[in-house]
Amino acid sequence: MSCADCGNIAKEAREIVAEVGSEPEKVIPLLQEIQNRHGYLSQELVEAVAEEIKLPVSRLYGVATFYSQFRFEPIGKNLIKVCKGTACHVAGAEKVYSIISEKLGIEEGETTDDQLFTLESVACLGCCSLAPVVMINDSIYGKLNPAKMGKILKEYADGK
Amino acid sequence: MGNRVIVGMGSCGIAAGAKAVYDQLEKADLGAELCMTSCVGMCYAEPIVEVENEAGRIMYGYVDSKFAEVLIQSVKSGSELPAENRIKEDEEGKKYLDRQVKIALKNCGVIDPESIDEYIAEGGYEGIKKCISSMKPEEVIEAVKESGLRGRGGAGFTTGVKWSFLAGAKNNPKYLVCNADEGDPGAFMDRAVLEGDPHAVIEGMLTAAYATGASFGYVYCRAEYPLAIKRLEKAIVDAKAKNLLGDNILGSDFSFNLKVKEGAGAFVCGEETALMASIEGRRGMPALRPPFPAEAGINAKPTNINNVETYANVPFIMREGPAAFNKYRYEKSIGTKVFALAGKIKRVGLVEVPMGLTLREVIEEIGGGSSTGRPLKAVQMGGPAGGCIPESLFDTPIDYDAINATGAIMGSGGMVVMDDQTCMVDVARYFLNFTQKESCGKCTFCRIGTKRMLEILTRITEGKGVESDISLLEELAGHVSKTSLCGLGQLAPNPVLTTLKYFRDEYEAHIKDKKCPAGVCKPLITFKINPDKCVGCTACAKACPTKCISGERKEVHVIDQEKCVKCGICRDTCKFDAIDID
Numbered sequence: 001m002s003c004a005d006c007g008n009i010a011k012e013a014r015e016i017v018a019e020v021g022s023e024p025e026k027v028i029p030l031l032q033e034i035q036n037r038h039g040y041l042s043q044e045l046v047e048a049v050a051e052e053i054k055l056p057v058s059r060l061y062g063v064a065t066f067y068s069q070f071r072f073e074p075i076g077k078n079l080i081k082v083c084k085g086t087a088c089h090v091a092g093a094e095k096v097y098s099i100i101s102e103k104l105g106i107e108e109g110e111t112t113d114d115q116l117f118t119l120e121s122v123a124c125l126g127c128c129s130l131a132p133v134v135m136i137n138d139s140i141y142g143k144l145n146p147a148k149m150g151k152i153l154k155e156y157a158d159g160k
Numbered sequence: 001m002g003n004r005v006i007v008g009m010g011s012c013g014i015a016a017g018a019k020a021v022y023d024q025l026e027k028a029d030l031g032a033e034l035c036m037t038s039c040v041g042m043c044y045a046e047p048i049v050e051v052e053n054e055a056g057r058i059m060y061g062y063v064d065s066k067f068a069e070v071l072i073q074s075v076k077s078g079s080e081l082p083a084e085n086r087i088k089e090d091e092e093g094k095k096y097l098d099r100q101v102k103i104a105l106k107n108c109g110v111i112d113p114e115s116i117d118e119y120i121a122e123g124g125y126e127g128i129k130k131c132i133s134s135m136k137p138e139e140v141i142e143a144v145k146e147s148g149l150r151g152r153g154g155a156g157f158t159t160g161v162k163w164s165f166l167a168g169a170k171n172n173p174k175y176l177v178c179n180a181d182e183g184d185p186g187a188f189m190d191r192a193v194l195e196g197d198p199h200a201v202i203e204g205m206l207t208a209a210y211a212t213g214a215s216f217g218y219v220y221c222r223a224e225y226p227l228a229i230k231r232l233e234k235a236i237v238d239a240k241a242k243n244l245l246g247d248n249i250l251g252s253d254f255s256f257n258l259k260v261k262e263g264a265g266a267f268v269c270g271e272e273t274a275l276m277a278s279i280e281g282r283r284g285m286p287a288l289r290p291p292f293p294a295e296a297g298i299n300a301k302p303t304n305i306n307n308v309e310t311y312a313n314v315p316f317i318m319r320e321g322p323a324a325f326n327k328y329r330y331e332k333s334i335g336t337k338v339f340a341l342a343g344k345i346k347r348v349g350l351v352e353v354p355m356g357l358t359l360r361e362v363i364e365e366i367g368g369g370s371s372t373g374r375p376l377k378a379v380q381m382g383g384p385a386g387g388c389i390p391e392s393l394f395d396t397p398i399d400y401d402a403i404n405a406t407g408a409i410m411g412s413g414g415m416v417v418m419d420d421q422t423c424m425v426d427v428a429r430y431f432l433n434f435t436q437k438e439s440c441g442k443c444t445f446c447r448i449g450t451k452r453m454l455e456i457l458t459r460i461t462e463g464k465g466v467e468s469d470i471s472l473l474e475e476l477a478g479h480v481s482k483t484s485l486c487g488l489g490q491l492a493p494n495p496v497l498t499t500l501k502y503f504r505d506e507y508e509a510h511i512k513d514k515k516c517p518a519g520v521c522k523p524l525i526t527f528k529i530n531p532d533k534c535v536g537c538t539a540c541a542k543a544c545p546t547k548c549i550s551g552e553r554k555e556v557h558v559i560d561q562e563k564c565v566k567c568g569i570c571r572d573t574c575k576f577d578a579i580d581i582d
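These protein sequence lines map, in sequence, to chains A and B.
Once you know that position 38 of the first sequence is 38 in full-length UniProt numbering, the rest is easy, because the numbers rise by one and skip nothing.
Once you know that position 491 of the second sequence is 491 in full-length UniProt numbering, the rest is easy, because the numbers rise by one and skip nothing.
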C-alpha cells in the first residue's frame, strides 16, 4: 500500500468519526458506517478509526466479531440473503439455499471467484407471508421453490 | 373531501409488489389523491389498495398490474368500483376480521404512518396531553396498573409495577428503552407496529417517561428493519417539531428526548442486560441481576425496558381509560395480544385478538386452517425459547398461564403453523441450531451443552441416532436450563422438550426405524416415481439439476438413486403427483 493510501484512510477515518461521534457508545454505529461505505470492515480503516477515537483496536474487533451483521471480507456484486426464519424453514428454505449453493459453488459467507455473488443466510426478514424468501441486494423474492430460484439466479448472472 | 387511493406499503406489501402498483397508480393521473399506509395485517391478500370516496373505504386485495388498471379506470371515470377482490367484505375477510379487537394495531393500515397529523386526527397524543394537564405521575402508574397491562415481549411482567420501580429509583438521570430487537424468527409484530404506527410507540414511551421521571429514551431496533427505522426517525423529527418531544413538552416542565439505536444482529440482545450493553457500545453479553435495570441500567443509571407492543397499548389505555382495556380478560391475562400467523396456514398475517380466544379459533377460524389441505400437526409459539403445541391441545386459551402449562410460552407473538409434512425432530434441530449460534458463550452449559444437543439432534435426523440419545437429550436439557444466566440458555431446551413430550414417536421412528415420517430428513428418505401415476411428460427429467431421471417420452420414468441429491425439485415440478417420498 502506498502512503497516499495511508493518508486517504486516515482522512476517511476522521470523516467517519466527525459524522458519527467519538464516544465509546458510538463503537457500533462507527463500525456500521464503515460497512455502509465499503460493504465490509477493512482492517486498515478499523485501525484508523480506533486510533482516531483513542480506543484499542481489540475493543472494536471485540464488538465487531460479536455481532453477526459485520463482515471482514469484501462482498460480491450481488448479495444474496436467504431467509432461514421458522416460516421459511418449514416452507423449504433449505431446498432454496441448497440450489443456490450448488449452482454457485459457494457456501454461507463465501463469494464466487468472479466476484458476482456473495451468499449469506439471515434469521428472519419478517416477510413470513411470502415464505420462503430470498433477498438479493434490495429486492425481495417470495414464494420460491428451487426451480424459480434457479431462474432468478440466471437473470442476475446474465447481468441484471 | 376528495377521493383517495391508498396503497399498503409495509415491508411485506412492498415485497409482494405494492411498490410496483404504487408506481403504476402514480403514473396514471388518477384524479384522486394517492396515499400510502402500512401493513393492515391481511398479508395473505397483498398487495392491497384501498379506495376512499364519499361512500366510504373499500379495500382491494390481490392487486396485480391488470387489476390496478381496472381500478385506475373506474376511479378516473367515477364509474362503479369493481365488485371483485373486496377483501374486507368477502367471506374470507369477514372470518379473518370478525373476532379481532384492534388496540395496539388500531392505526396500522389505516393511517399514513409518516403523517403525524393523521395520527393526531385519530386521537393520537391525547393520552399524553391528558397526563400532562391533569394527572400526577403516580396517577398514571396507578391507571396502567389498573389496566392490567403485562409486558408483551414474552415474560408478561405487570407493566405498571415495572414502571413504579423506575419511579421509585433515586438516581438521575433515568432512562427508558423500547426493545424493538424482534429477533424471534417467524415473528413480525413489532416491525408492523413500528412501520405502521410509530407515533403510538413514541406516545407510549412519553407516557412512561412522564410517569417515571425518565428524561432520555432509546428505541433499540434491529438493523434488518430499515423501513421501521426510517419511519420512526421521521416520527421523532415530526413530534419534536410539534413540541411533543424534547424540552418543556407542551409548555410544561416535562422534558424527554428520544433516539433510535440500530442493533447489529445478535439475538441475545433481546435480553435486557445484553441490550443495554449493546446500547453502550459493548459486546451484548447478559449480566447477573441484581442489580436490576431499575437500579443500575444504562451507564449504571436507573432504566426501564418495555417492548414495542407494550408501549403501543399505552396511548389507548390513557385515552380511553383502564376499564376500556381490562374489559378484555381471561383469568390473569388482560387486553389483547398481537400474533404473527405464518407457516402452513391459509390466511397468513398479523392479527390482534382478545385474551382467552383458543388457539383453534385463531388458527382455524381467523387463519382459515391448513393452506396445504393436509392435516395440521402443531403450532410453534414463542420462537426459539418456546415450544410446539400439538393439534390435540389447540383448544388451549390464549393466556400466559395456560400456554406455559403446555410447555411452550406466549412469547412475543410468533405463531408458526405446521402440517404433517413438517418433521418435528427437524424443527427441534432447527431451533437448537439457532440458539447454539446465538449463544453469547458466557455460560458453559449454554455454550457447549447446546452444541452437544445440536449434535445429537443432527445425528438423529441423519439416521445415526442411538436409543440412549433421547434420555441424553433430556438430561442435557435440564442442565442447560438450570445453569444458564439468561433466558436464552434457560429456555433453549424448550423446543426439544416440547417435541419430545408430544412427538416422541417421531424421534423413535428416526432412531429405531431409520425413517422420517414427515418425509423431510434427507438421509432417511428416497424419492420414487409411482409407475401408476407417471405419464412420461419428461417435466421432472428436464428440471432435475443432477440429471438423474431418465425415461422415454410417454413412458414411466426412473430416478437413479445413486445420483439423486433429494432436492425435491422433481416433486415440485410433477403435475401428476407421481413422485412419492419413501
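By construction, the Cβ of each residue, glycine as well, lies at the ideal position given by its N, Cα and C atoms.
Residues of the segment 507 to 518 of chain B whose Cβ lies closer than 9 Å to any Cβ of chain A: none. Its Cα nearest to that of A68(B), the residue P47(B) stands out among K301(B), P47(B), D247(B). Between Y67(A) and I236(B), the alpha-carbon positions lie close to 27 Å from each other. Considered as a whole, the segment 22 to 103 of chain A harbours 27 to 38, 43 to 53, 57 to 66, 86 to 90 as its complete alpha helix (DSSP H) runs of no fewer than 4 residues, in chain order. Using a Cβ distance threshold of 9 Å, A223(B) and G270(B) do not count as a contacting pair. Per DSSP, the beta-bridge partners of V7(B) are M36(B), V49(B). Judged by their CB atoms, Y125(B) and P315(B) are nearer to each other than the 9 Å cut-off. The DSSP assignment places complete alpha helix (DSSP H) segments of no fewer than 4 residues inside the segment 58 to 133 of chain B at 65 to 77, 91 to 98, 116 to 121, in order along the chain.
In this structure, DSSP gives P390(B) an extended state, which the three-state scheme calls strand.
One alpha carbon belongs to I317(B), the other to W163(B), and they sit about 15 Å apart. DSSP, read as helix, strand or coil, puts L144(A) in coil. The DSSP assignment places 336 to 343, 349 to 354 as complete runs of the beta strand (DSSP E) inside the segment 314 to 377 of chain B, in order along the chain (cut-off: 3 residues).
A324(B) and I202(B) have their C-alpha atoms roughly 21 Å apart. Three or more beta-carbon pairs separated by less than 8 Å are not found between the segment 126 to 133 of chain B and the segment 277 to 292 of chain B, which leaves the two stretches without contact. By the neighbour-count criterion, in which a residue is buried when 16 or more other Cβ atoms sit within 10 angstroms of its Cβ, V21(B) is buried.
Neighbours of V122(A) in chain B, taken as residues whose beta carbon is under 7 Å from its own, are E224 in chain order. A Cβ of chain B is located within less than 9 Å of the beta carbon of Y67(A). One finds I279, E280, G281 in chain B with Cβ atoms closer than 8 Å to the Cβ of E25(A), taken in chain order. Note that the C-beta distance between V417(B) and I363(B) is below 9 Å. Closer than 9 Å at the C-beta level to chain A, one finds these residues of the segment 170 to 186 of chain B: E182, G183, D184, P185, G186. Looking at the backbone, the Cα of T538(B) and that of L153(A) are separated by about 23 Å. By the Cβ rule, the segment 133 to 147 of chain B does not count as touching the segment 173 to 193 of chain B, because fewer than three pairs are nearer than 8 Å. Taken atom to atom, the span from the alpha-carbon of G413(B) to that of A155(B) is near 12 Å. Distances from the CA of M135(B) to each of P517(B), K346(B), T207(B) were compared; the closest alpha carbon is that of T207(B). Here the segment 475 to 494 of chain B makes contact with the segment 434 to 447 of chain B; the two share three or more CB pairs at distances below 8 Å. Using a CB distance below 9 Å, the part of the segment 45 to 75 of chain A facing chain B consists of R59, G62, V63, A64, T65, F66, Y67, S68, Q69, F70, ordered along the chain. Proximity of T406(B) to chain A, defined by a Cβ-Cβ separation below 9 Å, is not satisfied.
Look at R459(B): its C-beta is not under 9 Å from any C-beta on chain A.
Residues of the segment 203 to 218 of chain B with a C-beta less than 9 Å from any C-beta of chain A: none at all.
With a threshold of 9 Å between beta carbons, I549(B) makes no contact with chain A. Listed along chain A are T86, each with a C-beta nearer than 8 Å to that of Q380(B).
In the DSSP assignment, C423(B) falls outside any alpha helix (DSSP H), carrying neither H nor E. Collapsing the DSSP output to three states places G105(A) in coil. The count of Cβ pairs closer than 8 Å, one atom from the segment 6 to 20 of chain A and one from the segment 41 to 52 of chain A, reaches three, so the stretches are in contact. Note that the segment 138 to 147 of chain A touches the segment 91 to 98 of chain A; at least 3 beta-carbon pairs, one per stretch, sit closer than 8 Å. A214(B) is a Cβ neighbour of L176(B), given a cutoff of 9 Å.
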